[in-house]
Amino acid sequence: MKGIRKLIAKEIELGFLRVPANLKKEFPKENVKIKCVFNGRTKELSYNPKYGRIFGLVNYFRKNEATPNDIIEFEIRDDNKVVLNYGKIKDDEKEISSIEIEEAEDIINVSELPSQTKGNIVEQRIAELILLYGQGLLNVYKPISDIEGIDLIVVKRGVFLPIFIQVKGRYNLRSRNIQIGIKYNNFNVHHSFFIIAAYFDPKEIDISDYLIFIPSEDFKNKANIVNKGKDKAIYVLNSKLSREYNGKFSKFVIKKENLVNKIFDKFKEMEKYIK
Numbered sequence: 065m066k067g068i069r070k071l072i073a074k075e076i077e078l079g080f081l082r083v084p085a086n087l088k089k090e091f092p093k094e095n096v097k098i099k100c101v102f103n104g105r106t107k108e109l110s111y112n113p114k115y116g117r118i119f120g121l122v123n124y125f126r127k128n129e130a131t132p133n134d135i136i137e138f139e140i141r142d143d144n145k146v147v148l149n150y151g152k153i154k155d156d157e158k159e160i161s162s163i164e165i166e167e168a169e170d171i172i173n174v175s176e177l178p179s180q181t182k183g184n185i186v187e188q189r190i191a192e193l194i195l196l197y198g199q200g201l202l203n204v205y206k207p208i209s210d211i212e213g214i215d216l217i218v219v220k221r222g223v224f225l226p227i228f229i230q231v232k233g234r235y236n237l238r239s240r241n242i243q244i245g246i247k248y249n250n251f252n253v254h255h256s257f258f259i260i261a262a263y264f265d266p267k268e269i270d271i272s273d274y275l276i277f278i279p280s281e282d283f284k285n286k287a288n289i290v291n292k293g294k295d296k297a298i299y300v301l302n303s304k305l306s307r308e309y310n311g312k313f314s315k316f317v318i319k320k321e322n323l324v325n326k327i328f329d330k331f332k333e334m335e336k337y338i339k
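Here it is, written out as structure tokens:
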């Protein structure tokens with residue numbers, strides 16, 4: 065059996081290879097030494113089934129002057145030896161194993177980034193969406209301080225009635241769900257105050273196609289309260305980011321390109337009552 069995939073920078077740096085998805089079932093289910101054939105000789109290397117990684121390839125990468133996006137072809141022989149062929153195969157010559165979430169997270173390892181920086185990245189992406197799809201009719205402002213829990217202020221041209229948004233960005237999912245929390249004591253409900261929950265997808269290096277846009281009143285009524293009665297109580301939202309999801313937050317899950325339509329609907333509603 066054969067498989068092929070591109071190298072990523074983290075593999076070269078640490079000297080490991082992630083097995084292509086189509087071959088994982090052919091590899092052992094426990095931590096063992098496997099026989100690999102490369103550079104004209106056979107060598108036993110460590111294999112970790114949890115992450116599907118073969119370790120001990122630092123010298124192999126050095127000898128081949130490896131760079132990201134170089135190609136490794138895997139072949140499992142009848143004697144269970146794994147043959148590794150290094151090359152510069154063009155993308156359109158063979159089917160390349162797609163990057164998985166774990167690989168993508170290695171590429172954009174954000175563990176060293178401060179929480180504030182990660183939050184700013186997602187807030188900026190949301191602001192850009194509003195500006196781009198708003199087509200000059202919407203503008204976005206950021207408060208000097210966010211002590212009120214407000215990250216973005218959206219104004220429609222010629223209408224001096226702002227919409228206030230708190231953005232909660234996440235860089236990982238819990239069992240494929242996005243989970244956010246907001247402090248109970250600091251949360252205030254208002255008809256012009258909304259919450260956005262967005263997942264930064266490492267495969268796309270951008271926020272995912274779906275996000276949650278929910279009025280503050282609905283958030284308060286539907287979110288679970290953790291540590292209720294204590295100073296550390298928080299409202300918790302836990303939801304799948306999919307339109308096929310039928311949970312209590314499903315009506316608030318939207319495609320990111322529809323965010324501006326929802327904001328325009330709110331402005332239209334406000335303009336009915338306030339002239």
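Mapping of the sequence shown onto our numbering: residues 65 to 339, in sequence order. All residues carry an ideal CB built from backbone N, CA and C; glycine is no exception.
By the Cβ test, the stretch 231-242 is not in contact with the stretch 281-289, since fewer than three Cβ pairs between them sit closer than 8 Å. Under the three-state reduction of DSSP output, E137 falls in the strand class. Note on geometry: alpha-carbon atoms of R234 and I246 lie some 13 Å from one another. About 7 Å separates the Cβ atoms of K97 and L109, confirming a contact at the 8 Å cut-off. The C-beta distance from I276 to S303 rounds to 6 Å, short enough to fall under 8 Å. Considering only I271, V253 and V83, the residue with the shortest C-alpha distance to E281 is V253. Considering only S209, E90 and N144, the residue with the shortest C-alpha distance to V101 is N144. For the set I227, I72, N86 and K319, the Cα lying nearest the Cα of F258 is the one of I227.
Judged by DSSP secondary structure, T181 falls within the alpha helix (DSSP H) whose first and last residues are S179 to G198. A Cβ-Cβ distance of about 19 Å is found for the pair I68 and E129, leaving them out of contact under the 8 Å criterion. Counting only residues of its own chain and dropping the five nearest sequence neighbours on each side, F80 has a CB closer than 7 Å to the CB of R117, I118, F119 and L121. The shortest CA-to-CA distance from R141 to any of E308, K320 and K66 is the one to K66. Assignment of E77 by DSSP, reduced to helix, strand and coil, places it in the helix class. Distance from the Cα of Y337 is smallest, within the candidate group L225, S306, K292 and P279, for L225.
Rounded to whole angstroms, the gap between the alpha carbons of V147 and E139 is 5 Å.
Counting only residues of its own chain and dropping the five nearest sequence neighbours on each side, G200 has a CB closer than 8 Å to the CB of R221. For Y337, the enclosing alpha helix (DSSP H) has its first and last residue at L323 to Y337. A direct Cα-to-Cα measurement between R126 and K182 gives close to 33 Å. In this structure, L193 and K320 form a Cβ contact; the two beta carbons are roughly 6 Å apart against a cut-off of 8 Å. The alpha-carbon of I271 is positioned some 24 Å away from that of I208.
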